[in-house]
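Taken in order, these protein sequences are the chains called A and B.
Numbered per my numbering, the first sequence spans residues 1 to 338.
Numbered per my numbering, the second sequence spans residues 1 to 310.
Where a beta carbon is used, it is the ideal one built from N, C-alpha and C, also for glycine.
Written out below as structure tokens is the structure these notes cover.
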Amino acid sequence: MGTKLLRRSALLALVAAMAIIAAACGNNGTTSGGGGGSPSAPLKVALVAPSATNDLAFTQSMSDALNALKETENLDIAVSDNLFVVDDAASAIRTYASQGYDLVIAHGSQFGGSVEQIAPDFPDVSFAWGTAGDTFGLTNVYAYQAASDQGGYVQGVLAAGLTKSKVIGVVGPIEVGDAKLYVDGFKAGVEATDPSISVKVNYTGSFSDVGLAAEAARSFVAAKADVMTGSAQMVVGAVGVAKTNDVAWFGTQANQTSLAPSVVVASQVYHWEVVLKQVIDGINAGSLGGQTYTIDLENGGEVIEYNSDHGLPADVKAAGDAAIEGIKSGSIQTGVKE
Amino acid sequence: MRQFFTLAVLTATVASGIRLATPFLLASLGETIGQRSGVLNLGVDGIMLLGAFGAYYTALHAQNLWLAVLLGALVGALMGLITAVVSVTMKAEQGISGIGVFLFGLGLSDLLFQKFVGTPLPIDTLPTARVPLLASIPTIGKMLFQANLMVYVAFLLVPAVAFVLNRTTYGTNIKAVGENPAAADSVGVNVARVRYSTIIIGSSLAGLAGATLAIQLGIFQQNLTQGQGFIAVALVYFGAWRPSGVMAGSLLYGMVAAIVLTWKTLGIIPQSASDLAAMAPAVLTVVALVVVARRFRQPAALAKPYERGG
């Protein structure tokens, strides 16, 4: 009996170990050295993110920004991605802070509570989190956000110029943060161009359920939509439906052309390096936080990247470009409030 | 609401519900076979994830969707073999070891995806297969007989599994082992062999469910299943361990999800209630589970490792 018990215990331990190893392997903890020309010690930056660094959406936008900044700044970068469980992310944030990292980026509005709890324990470490506008009154916390309504508005103008059926579908995750801003901006852009167009919005209730996003897109196709857009990492499923049904698609957060070159018209691409540069400059000047920074079309933190292979009509593109310039100059307001 | 009750919208919604129900049905049929033999496999979701990745990776590189489907099932069978070794030979506590298998599948599928694929790349999706004659029936044809082939496979498996369980010696042995393994053993039924076979067959169907999900969507992503395997286990209880009941549960879940999605698209459910509505399929299924499942008794030896003379 004792032998059996021992055997079962050993087996359970083996299964548990197997599971833990595999689960741990699932998220990448990687570091990469700085490439800048400064002879001084590199700034140690850690990124904690909820999805993969190649998700063609939210996390990739920040990962790409850090890699771009490394070209000009002396950075030592560590990344822990796929930390969609907030407790796991909080553990990673605390670990990086305790290991002497100068800046810990908690990339996800769901990590705000963790940052608020952890930051006071490490007054010499700078934290940045977003997308959000709240630094919790802490002097070592930066917040960053995206005026995604601006790019949404421009793509709404483009979409309104493209639709023939006058039905446009929008797949959203949860009605919060930059996803909500983007969707509302997109609707405002369509409305401003042609109020007779019906914009149908479907928030699936999940940032990651690819299947639901795909079915939401199919419901738009059934409702005769000939243009669609969507925000967050689960839209890869919806892009597939757009491709299959030859429905034009507008991306956001990262360039989604590679998912479906035949239907992706344009993508609003985030360049977080604009706000990261401000944060790093602040740290180098001795300020560890207390500020909120925003990327937008004007400061180059948001860029509309067209798919050159799509064949967007010149007049539609001209209307989009005019909207970009109008927003930059302030002559166009999206009218979207958070 | 009137806009929902148009032929085109109703047809698309029913087709969507059936499509959404298909992975649930495949996985829960497999779980039904296992549970009827007394084995609770909570690792279904992890096996689905590995099956989905196997199918996705095969489709990506071999550009052959049927090979992809086959590989998804084979990956499931392999995971079934591992599960059987743990549950039957080693007699591990099935709930805990199942969660271990789930976590293993979740982590390994993501690890393999990150190492061998990285940035999500689309694959071809299964084309629509029209059933001759039936597909031409107005409305019904478009609802039921213009789907991808895996949908037909899943629904045809329902009578097939019911036949095996109720009309064959093998099915009788499965049920005997699930109700009273000692008695089955005493009349010469090899309990371990029966349970090995049911776990492997059930896990193959879980792998097939994952493969179906991946090739219906044309993409793979971390945690693609979003816990569908756990819903599939719950649907077995909902279906009272009968293939037809499991089918009813899968359809209920798929249809409610499809209706909620359509209502949100049509603006019948306001955006402010969107998140609440997203919970509807799970809530309704749990309520139905409580109402329906309490009337039926689970296999007496479910989740109990068998030890001769023990």
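#1: DSSP three-state call for R130 of chain B: helix, strand or coil?
#2: Determine, for V9 of chain B, whether the minimum Cβ-Cβ distance to residues of chain A falls below 8 Å.
#3: By a C-beta neighbour count over all protein chains shown, 10 Å radius and 16 as the cutoff for buried, is V286 of chain B buried or exposed?
#4: Select from the segment 170-185 of chain A all residues with a C-beta closer than 7 Å to any C-beta belonging to chain B, and list them in chain order.
#5: Within 8 Å of any Cβ in chain A, is that where the Cβ of N223 of chain B sits?
#6: Below 7 Å CB to CB, which residues in the same chain sit around V199 of chain A once its five sequence neighbours on both sides are set aside?
#7: Using the C-alpha atoms, what's the distance from L111 of chain B back to C25 of chain A?
#8: My parser needs the alpha helix (DSSP H) runs of 4 or more residues fully inside the segment 228-288 of chain B; what are they?
#9: Buried or exposed, going by whether 16 or more other CB atoms sit within 10 Å of the CB of E73 of chain A?
#10: Rounding to the nearest angstrom, what Cα-Cα distance links G171 of chain B and P270 of chain B in this structure?
#11: Decide if the segment 149-156 of chain B is in contact with the segment 280-298 of chain A; the criterion is three or more beta carbon pairs, one per stretch, under 8 Å apart.
#12: Which residues in chain B have a C-beta closer than 9 Å to the C-beta of F220 of chain A? List them in chain order.
#13: Counting only beta-carbon separations shorter than 8 Å, does G218 of chain B have a partner in chain A?
#14: Taking A68 of chain B as the reference, which of B:P243, B:L235, B:Q298, B:A209 has the closest Cα?
#15: Report all residues from its chain with a CB closer than 7 Å to the CB of L289 of chain B; omit the five preceding and five following residues, and keep chain order.
#16: Can the beta-carbon of A65 of chain A be found less than 8 Å from the beta-carbon of L288 of chain A?
#17: Name, in chain order, the residues that DSSP records as bridge partners for D76 of chain A.
#18: Going by beta carbon distance, what residues of the same chain come within less than 7 Å of T212 of chain B, once the five residues before and after it are set aside?
#19: Can you list, in chain order, the residues of the segment 228-246 of chain A whose Cβ is nearer than 8 Å to any Cβ on chain B?
#20: Tell me the residue span of the beta strand (DSSP E) that contains I219 of chain B.
#21: Return the Cβ separation of V85 of chain A and L47 of chain A in integer angstroms, given the expectation that the two are a contact with Cβ distance under 8 Å.
#22: Would you call I140 of chain B buried or exposed, if buried means 16 or more other Cβ atoms sit within 10 Å of its Cβ?
#23: Going along chain A in order, which residues have a C-beta closer than 7 Å to the C-beta of L118 of chain B?
#24: Distance cutoff 8 Å, beta carbons only. Does V336 of chain A sit that close to anything in chain B?
#25: Give the DSSP-derived three-state secondary structure of N202 of chain A in the structure shown.
#26: If you follow the alpha helix (DSSP H) that W66 of chain B is in, where does it begin and where does it stop?
#27: Reducing DSSP to helix, strand and coil, say where Y144 of chain A ends up.
#28: Compare the C-beta of L144 of chain B with all C-beta atoms of chain A and state if any pair is closer than 8 Å.
#29: Is the CB of A319 of chain B under 8 Å away from at least one CB in chain A?
#30: Measuring alpha carbon to alpha carbon, tell me which of B:S203, B:T13, B:P122 ends up nearest G51 of chain B.
#31: Determine, using beta-carbon pairs with one atom in the segment 147-163 of chain A and one in the segment 262-273 of chain A, whether at least three such pairs fall under 8 Å.
#32: Check whether the segment 4-23 of chain B touches the segment 174-194 of chain B, counting contact only when three or more Cβ pairs, one atom from each stretch, lie closer than 8 Å.
#33: Name the residue from A:G282, A:D209, A:I332, A:T244 whose alpha carbon lies nearest to the alpha carbon of S126 of chain A.
#34: Which bits of chain B does N340 of chain A rub up against, with CB to CB less than 7 Å?
#35: Does any residue of chain B have a CB that is nearer than 8 Å to the CB of K187 of chain A?
#36: With distances taken between CB atoms, is the gap from W241 of chain B to T83 of chain B smaller than 8 Å?
According to the structure data:
#1: DSSP places R130 of chain B in strand when its eight states are reduced to three.
#2: Output row for V9 of chain B: interface = yes.
#3: Around the beta carbon of V286 of chain B, a 10 Å sphere encloses fewer than 16 other beta carbons of the protein chains shown; the residue is thus reported as exposed.
#4: Legend: CB atoms of the segment 170-185 of chain A lying less than 7 Å from CB atoms of chain B belong to residues I174, E175.
#5: Interface residue (Cβ-Cβ distance to chain A less than 8 Å): N223 of chain B is classified as such.
#6: So the list reads I168, V170, K187, V190, once near-sequence residues are dropped.
#7: At C25 of chain A, the pLDDT of 48 sits below 50, so the modelled position is not reliable; the number obtained from the coordinates is stated separately. For the pair C25 of chain A and L111 of chain B, the Cα-to-Cα distance works out to about 6 Å.
#8: With a minimum length of 4 residues, the continuous alpha helix (DSSP H) runs that stay inside the segment 228-288 of chain B are 228-238, 243-266, 274-278.
#9: Counting other Cβ atoms within 10 Å of its Cβ, E73 of chain A reaches 16 or more and is therefore classed as buried.
#10: The alpha-carbon atoms of G171 of chain B and P270 of chain B are separated by roughly 49 Å.
#11: Contact fails: fewer than three Cβ-Cβ distances are below 8 Å.
#12: Near F220 of chain A (Cβ distances below 9 Å), the residues of chain B are T265.
#13: Yes, its Cβ sits closer than 8 Å to a Cβ of chain A.
#14: When each option's Cα is compared against that of A68 of chain B, the closest is B:A209.
#15: Closer than 7 Å at Cβ, skipping near neighbours: A234, Y237, F238.
#16: In this structure, L288 of chain A does not lie closer than 8 Å to A65 of chain A by Cβ.
#17: Per DSSP, A:K44.
#18: The beta carbon of T212 of chain B lies closer than 7 Å to those of T22, P23, L26, M150 in the same chain, with the five residues before and after it left out.
#19: Contact residues of the segment 228-246 of chain A toward chain B are Q233, M234, V236, G237, V239, G240, K243, T244 (C-beta to C-beta distance below 8 Å).
#20: Taken as a continuous stretch (DSSP letters only), I219 of chain B belongs to no beta strand (DSSP E), as it is neither H nor E.
#21: No, V85 of chain A and L47 of chain A are not in contact; Cβ-Cβ is about 16 Å, not under 8 Å.
#22: Classification of I140 of chain B: exposed, given that the 10 Å Cβ count is below 16.
#23: Reading the sequence as shown, one finds Gly at residue 118 of chain B and not Leu. Under the 7 Å cutoff, chain A gives N54.
#24: Output row for V336 of chain A: interface = no.
#25: Here DSSP, grouped into helix, strand and coil, assigns N202 of chain A to strand.
#26: W66 of chain B -> alpha helix (DSSP H) spans 65-84.
#27: Note: Y144 of chain A maps to strand in three-state DSSP.
#28: Chain A contact via Cβ: absent.
#29: The structure shown does not extend to residue 319 of chain B, since chain B spans only 1 to 310, so no value can be given for it.
#30: Nearest option by C-alpha distance: B:S203.
#31: A contact is defined here as three or more CB-CB pairs under 8 Å, and the segment 147-163 of chain A meets this definition with respect to the segment 262-273 of chain A.
#32: Short answer: they don't touch.
#33: Checking every option, the nearest Cα to that of S126 of chain A belongs to A:G282.
#34: Coverage of chain A is limited to positions 1 through 338, which leaves residue 340 of chain A absent and any answer about it impossible.
#35: No, its Cβ sits nowhere closer than 8 Å to a Cβ of chain B.
#36: No, the pair does not count as a contact, with Cβ atoms beyond the cut-off.
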